[in-house]
Amino acid sequence: MASLIHASANAPLSSAYTQLHGWAQSSGYQIAGAYREIYLPESGVSSSPQTELETGYTELQAPVQRASIPVSILSPQARKEQKMEPKIVTKPAFKAIGLSYLGKNQNHEISQMWGVFNQRMPEIHSIDQSQSYGLCFASPKGAAEGEFEYVAACEVSNSQSLPAGMVYREVPEHKYAVFTHYGKLDNLGETYRYIYETWLPQSGLEVHPSRYDMEVYDERFAIDSDDSEFDIYLALK
Numbered sequence: 017m018a019s020l021i022h023a024s025a026n027a028p029l030s031s032a033y034t035q036l037h038g039w040a041q042s043s044g045y046q047i048a049g050a051y052r053e054i055y056l057p058e059s060g061v062s063s064s065p066q067t068e069l070e071t072g073y074t075e076l077q078a079p080v081q082r083a084s085i086p087v088s089i090l091s092p093q094a095r096k097e098q099k100m101e102p103k104i105v106t107k108p109a110f111k112a113i114g115l116s117y118l119g120k121n122q123n124h125e126i127s128q129m130w131g132v133f134n135q136r137m138p139e140i141h142s143i144d145q146s147q148s149y150g151l152c153f154a155s156p157k158g159a160a161e162g163e164f165e166y167v168a169a170c171e172v173s174n175s176q177s178l179p180a181g182m183v184y185r186e187v188p189e190h191k192y193a194v195f196t197h198y199g200k201l202d203n204l205g206e207t208y209r210y211i212y213e214t215w216l217p218q219s220g221l222e223v224h225p226s227r228y229d230m231e232v233y234d235e236r237f238a239i240d241s242d243d244s245e246f247d248i249y250l251a252l253k
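All you need for this note's numbering is the position in the sequence shown, starting with 1, plus 16.
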């Protein structure tokens, strides 16, 4: 249900219909039933359509549903929010080997580490060379306040012999909310802000106590490309 409070002294009631309908279209919704007008007169004034024309307020209500229309004709904000709706999956436990960084990434150390890791990936006997992971552990042992561990890694079937300077990690089975980041890495911070500051508070779900998340890169990823895509897995409680 969508609603709008209309002040009669400011504009005719018809403008409220136009405004509510416009909001629905720009936000990716469509009106799904009859409008309803609820008259909210000022104190001491009798409630009727006639008095609403002179004083007081009207609450205009309309049932809405997600519009089944092409994404291309939605507003940029609506397209972004529609794309950012996650899927909920359970991923089994897996093992990974890669390079580890511990810190706050204040000087883009993670992107530099990825440059090294991409060159060294052939040293790992991975299950799938076309897929790599960015494993983010929020509270690793020995970390100072605000520090986290990020491991650029590939999935493996066993611990095997570790290449020089690499680490072995086991990730337990989790239920995840899976989001897709679209476009260049320059906007990655915006995607994470949407996940943690907008979607999560509105979802009614809670993150796993470990606060673990990971990035999964496959053949859809293309660095510095507007058409690039990769997935972000947020572990849920």
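Each residue gets a CB set at the ideal place from its N, CA and C atoms; glycine is no exception. Bear in mind the structure is a predicted one, so any value in this text is a computation, not a measurement.
Nearest-angstrom Cβ-Cβ length linking residue i and residue j, presumed shorter than 8 Å
i, j, result
"Asp242", "Gly199", "5 Å"
"Glu222", "Leu252", "7 Å"
"Phe153", "Tyr208", "Between Tyr208 and Phe153 the Cβ distance is about 16 Å, and since that is not below 8 Å, they are no contact."
"Glu171", "Ile143", "5 Å"
"Ala193", "Pro102", "4 Å"
"Leu151", "Leu76", "Contact flag wrong, Cβ pair sits at about 49 Å."
Opening and closing residue of the alpha helix (DSSP H) in which residue i lies
i, result
"Met129", "Glu125 to Arg136"
"Glu206", "Leu204 to Arg209"
"Leu76", "Leu76 -> not in any alpha helix (DSSP H); beta strand (DSSP E) instead, spanning Tyr73 to Ala78."
"Leu221", "Careful: Leu221 lies outside any alpha helix (DSSP H) and carries neither H nor E."
Proximity of residue i and residue j at Cβ, strictly below 8 Å
i, j, result
"Tyr73", "Ala18", "no"
"Tyr233", "Ser148", "yes"
"Glu125", "His197", "no"
Where the beta strand (DSSP E) through residue i begins and ends
i, result
"Leu115", "Phe110 to Gly119"
"Leu252", "Glu245 to Leu252"
"Ala168", "Phe164 to Val172"
"Phe237", "That residue, Phe237, is in no beta strand (DSSP E); it is neither H nor E in DSSP."
"Tyr149", "Ser148 to Phe153"
"Tyr192", "His190 to Tyr198"
Straight-line Cα distance separating residue j from residue i
i, j, result
"Ser173", "Pro138", "15 Å"
"Val187", "Ala48", "45 Å"
"Pro156", "Gly162", "11 Å"
"Pro86", "Gly119", "Since pLDDT at Pro86 reaches only 40, below the 50 mark, its modelled position is unreliable, and no value is offered."
"Tyr249", "Tyr55", "47 Å"
"Ile89", "Gly205", "Per-residue confidence for Ile89 stands at a pLDDT of 36, beneath the threshold of 50, marking its modelled position as unreliable; no derived number is given."
"Ile104", "Asn203", "23 Å"
"Phe164", "Glu235", "27 Å"
"Arg136", "Ala109", "24 Å"
"Phe195", "Gly220", "16 Å"
"Ala78", "Pro225", "40 Å"
"Gln176", "Val80", "55 Å"
"Gly158", "Ile140", "26 Å"
"Ile239", "Asn121", "19 Å"
"Tyr106", "Tyr166", "Inspection of the sequence shows that residue 106 is occupied by Thr rather than by Tyr. For Thr106 and Tyr166, the distance between alpha carbons rounds to 22 Å."
"Val210", "Gln218", "The sequence given here has Tyr at residue 210, not Val. Taking the straight line from one Cα to the other gives about 11 Å."
"Asn123", "Lys191", "32 Å"
"Ala160", "Glu53", "57 Å"
"Trp39", "Met100", "19 Å"
"Ser146", "Ala50", "52 Å"
Min CB distance residue i to chain D below 8 Å
i, result
"Val183", "This model lacks chain D altogether; it includes just one protein chain."
Three CB pairs or more closer than 8 Å across the region 176-184 and the region 98-116: These segments touch.
The region 207-222 / the region 127-142 touching (three or more Cβ pairs under 8 Å): The answer is no - the region 127-142 does not touch the region 207-222, with fewer than three Cβ pairs under 8 Å.
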